[in-house]
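Below is one structure; the comments refer to it alone.
There are 2 protein chains.
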Amino acid sequence: MVIQSTGTSRRIAPFKESVWLGVDAMFDRHPDMIFFGNGAPANDLMPLDRLKWASAQAWEDGLNQLSYGETEGYAPLRELIVRQMAAIGAPATADEIVVVNGSQEGMDIVGRTLLHEGDIVLVEGPTFPDAIRLYQSHDAEVVGMEMDKDGIVVERLAALLDRLPRTPKFIYTIPTFQNPSGTTLPLDRRHALVNLARERGILLVEDDPYSAFRYEGEPLPPLRALEPNSVYLGTFSKTLAPGLRVGWISAPSPLFGHFFAVKEVMSISNSRLTTRVAYHAAAGGFLEEHVAEAREAYRIRRDTLLAAMEEYLPPQATWVRPEGGFFVWVDLPEEIDTDVLLTKAAANGVIFLPSSWFFPDRSKRNSFRLSFSAIPVEQMAEGIRRIGEVLT
Amino acid sequence: MVIQSTGTSRRIAPFKESVWLGVDAMFDRHPDMIFFGNGAPANDLMPLDRLKWASAQAWEDGLNQLSYGETEGYAPLRELIVRQMAAIGAPATADEIVVVNGSQEGMDIVGRTLLHEGDIVLVEGPTFPDAIRLYQSHDAEVVGMEMDKDGIVVERLAALLDRLPRTPKFIYTIPTFQNPSGTTLPLDRRHALVNLARERGILLVEDDPYSAFRYEGEPLPPLRALEPNSVYLGTFSKTLAPGLRVGWISAPSPLFGHFFAVKEVMSISNSRLTTRVAYHAAAGGFLEEHVAEAREAYRIRRDTLLAAMEEYLPPQATWVRPEGGFFVWVDLPEEIDTDVLLTKAAANGVIFLPSSWFFPDRSKRNSFRLSFSAIPVEQMAEGIRRIGEVLT
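These protein sequence lines are chains X and V, in that order. The first sequence begins at 1030 in our numbering and counts up one residue at a time. The second sequence begins at 1030 in our numbering and counts up one residue at a time.
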């Protein structure tokens, strides 16, 4: 029997080419592969005991977590999120917060709520590949904005906007310790971006998974601090644990109402247990203490990585020292194709992510991303040495 | 400042009119409202202590649940699901199962994977309102199939198919203790439906949240037992607790691969903790014992409801005795509009769901749904008496 009716939606075409499948297949090519690909927090820096304790606390709430409800999320968690946002200068009220299944679901809800065919979304070039794929799946044309060592080159953005056939639906940006470039948009560019977006009437969607991990320099205000009419995506995936799948969208009305409605019909609510676990784990100052400790460990990883890069990478490799976050972006001479280089590197026992993954048009081939968050310090020098070997 | 770019996607138009908002607003109109609206399991029939215990067990798995991964779901849970499906005669293998955030997310993934503009989906008329809204949001035209006291009138379906401009992408059906009609498709119609779908090359999507709660009669094979090339949606929302948000899609390859890819990009995975909680709660025979106990309690609720209906509803109200599930569907004379009746009923202290909610074109107005799963038996006679009062 042949089912004739199962042709898939053209909208899921961007999902067919999973960015991970090829890399997963490379794992077996070397007995002790060193994997600079993973943007996850380190296993040993996730607060297992605290989460276990928080889980027991969550059950004190008894039956309240068992039925349908709480589409917008557990109220004490939303209040904690508001305090957390206030601590970084981002104003929000609890009734602007929708808790989601990781900020990945948040990106999807934002795209699904706002986009349809003919829409344009601006993203950093390079940016998080799943953002590209999700917005494309909602039929938008995803266009990359030029970047330099300080993130989006805002002074060139007006010219890009003038060239586009219509005003973009929104600008999606990771302004702090950007994925994958590691860059941070300086304060003057933040103001310039907010002003330009205001002038042109463009919504800003700020994704902020990494700002808690600053290793040097002064904290900068999130875009949300400068533009209350913007959308802010937050997550506990890097500060507690990604397996919990707890993130949030903060959005002023009427966007809040739209995001709420979409979340409700998509999945009714998050796991109500897990939102309580996240709350009890984070509450009482634990999150701040835990993040401060993890930050020190990640700083050491960054510094170890940068030292190894100085030692083992040839002079034609250049990079920007990231002030925080999980990533270092490495530029190579134009003639090097890092998709090809990755195959050689994997054969030599090391994996990075090639730059083509991070551009909507896959055009830039001569850079790659190193993630240092989940690599034990004792593996770093050897991993970079292996990359240096294939580069020379 | 005005953000000009925030016009929402035309695709979320079906979500604007939440079916619940109006009903929620009615709650305050009477000091002791009796609510026959909610299709949730009863709070006192959810296994709180077992879930609490299961949650502690889940942490025995330590760090394994904290990072990214398990898009398809916790392996022991998927194996348990396979055994559970085998027990009702539905063949599946663990590598056909994607665990999702409730079968609501499952419906969404099926729609998102398969539908785009121009597609047609057939549903029962009446059916679950969120199914209508989700499939419409993926740009499909949702068409209702004629039903009688035995569910879909399969012998009329071929004629409907002939009238449609193209072959539907899939048929979405709740064949057992249907929501909202309470009907169950008999075996001969199941065979006829499967044969017709085969002949026409139409995928069957079977939603099966209620079949564990049969109060009389012999179990019938799910469609999946008769047609291995069909999609099966299952859930722990009725058998354990909806607040966990754990359901599943079972689908043969290549559909499994598509559903997996869509789930991965939508939300990466379910909360990994919660999938372990569901596993430990259900395992070791507990789920079967618990369901057997709950079934007895629900049977008493059904019988109490039916007895009250016999006593208090006027002769022009007719209904089909449901052999299981959570719902009784009541038909009234054509001239009665149950949207109007609901307003009067709410003023008299009782809420039901009017039939217009359950039809894609909202055309049928003279029926309503009573849900008995979450109503204490001691409230039932009074609730039905109040409905009888506004009917006479």
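Ideal placement from N, C-alpha and C gives every residue a C-beta, glycine not left out.
Within the stretch 1212 to 1225 of chain X, no residue places its CB atom closer than 8 Å to a CB of chain V. It is roughly 8 Å from the alpha-carbon of V/V1223 to the alpha-carbon of V/L1233. Here V/E1235 carries a strand assignment [DSSP, helix/strand/coil]. With respect to the C-alpha of V/Y1308, the residue from V/E1108, V/T1037 and V/E1235 having the closest C-alpha is V/E1108.
X/F1157 is not a Cβ neighbour of X/P1351, given a cutoff of 7 Å. Listed along chain X is no residue with a C-beta nearer than 9 Å to that of V/N1208; the closest approach is about 14 Å. For the stretch 1136 to 1151 of chain X, residues whose beta-carbon sits nearer than 7 Å to a beta-carbon of chain V comprise D1137, R1141, T1142, L1143, L1144 and H1145. For V/R1162, the closest Cβ of chain X is nearer than 7 Å. DSSP, reduced to helix, strand and coil, places V/Y1164 within a helical segment of the structure shown.
By the neighbour-count criterion, in which 16 or more other beta carbons inside 10 Å mark a residue as buried, X/D1360 falls on the buried side. One finds L1092, L1095 and S1096 in chain X with Cβ atoms closer than 8 Å to the Cβ of V/M1075, taken in chain order. For the 7 Å CB-CB criterion, X/Q1133 and V/S1296 form a contact. V/P1271 has a beta carbon lying within less than 7 Å of a beta carbon in chain X. Around V/A1069, the beta-carbon contacts reaching into chain X at under 7 Å are S1096 and Y1097. The DSSP assignment places 1149 to 1153, 1170 to 1174 and 1199 to 1202 as complete runs of the beta strand (DSSP E) inside the stretch 1149 to 1221 of chain X, in order along the chain (cut-off: 3 residues).
Within chain V, N1130, G1131, Q1133, E1134 and R1274 have C-beta atoms less than 7 Å from the C-beta of X/S1296, given in sequence order. For V/R1039, a Cβ of chain X is located within less than 7 Å of the residue's own Cβ. Secondary structure at X/F1315: helix, using DSSP grouped into helix, strand and coil.
Going by DSSP, V/R1414 is part of the alpha helix (DSSP H) stretching over V1406 to L1420. In the DSSP assignment, V/S1296 falls within the unbroken alpha helix (DSSP H) covering L1284 to S1296. Taking X/Y1164 as the centre and dropping the five residues before and after it, the same chain places the C-beta of G1140, V1150 and V1171 closer than 6 Å to its C-beta, in chain order. Of all alpha-carbon atoms in X/W1049, X/L1186, X/D1168 and X/P1362, the one lying nearest the alpha-carbon of X/E1175 is that of X/L1186. Contact of V/V1052 with chain X by beta-carbon distance below 9 Å is absent, the smallest such distance being about 13 Å. Residue contact check for V/H1319 against chain X: no CB pair falls below 7 Å. In the three-state reduction of the DSSP assignment, V/Y1327 falls in the helix class, which pools H, G and I. The shortest CA-to-CA distance from X/S1396 to any of X/P1250, X/P1060, X/D1368 and X/L1080 is the one to X/D1368. Counted as a single uninterrupted DSSP element, the alpha helix (DSSP H) harbouring X/S1084 occupies residues L1077 to A1087. Per the C-alpha coordinates, the member of V/S1259, V/V1183, V/D1148 and V/D1332 positioned closest to V/P1194 is V/D1148. Three or more beta-carbon pairs separated by less than 8 Å are not found between the stretch 1339 to 1349 of chain X and the stretch 1372 to 1390 of chain X, which leaves the two stretches without contact. Proximity of V/F1044 to chain X, defined by a Cβ-Cβ separation below 7 Å, is satisfied. One thing to note: V/S1279 has its Cβ within 7 Å of the Cβ of V/A1121. Look at V/R1107 here: in three-state DSSP terms it is helix. If you draw a straight line from the Cα of X/A1054 to the Cα of V/A1290, it comes to about 17 Å. If the five residues before and after V/R1218 are omitted, its C-beta is found closer than 8 Å to the C-beta atoms of D1179, G1180, I1181 and V1183, all from its own chain and listed in chain order.
In the three-state scheme derived from DSSP, where H, G and I count as helix and E and B as strand, X/G1263 is classed as strand. Here V/A1241 is near V/T1268, since their CB atoms are less than 7 Å apart.
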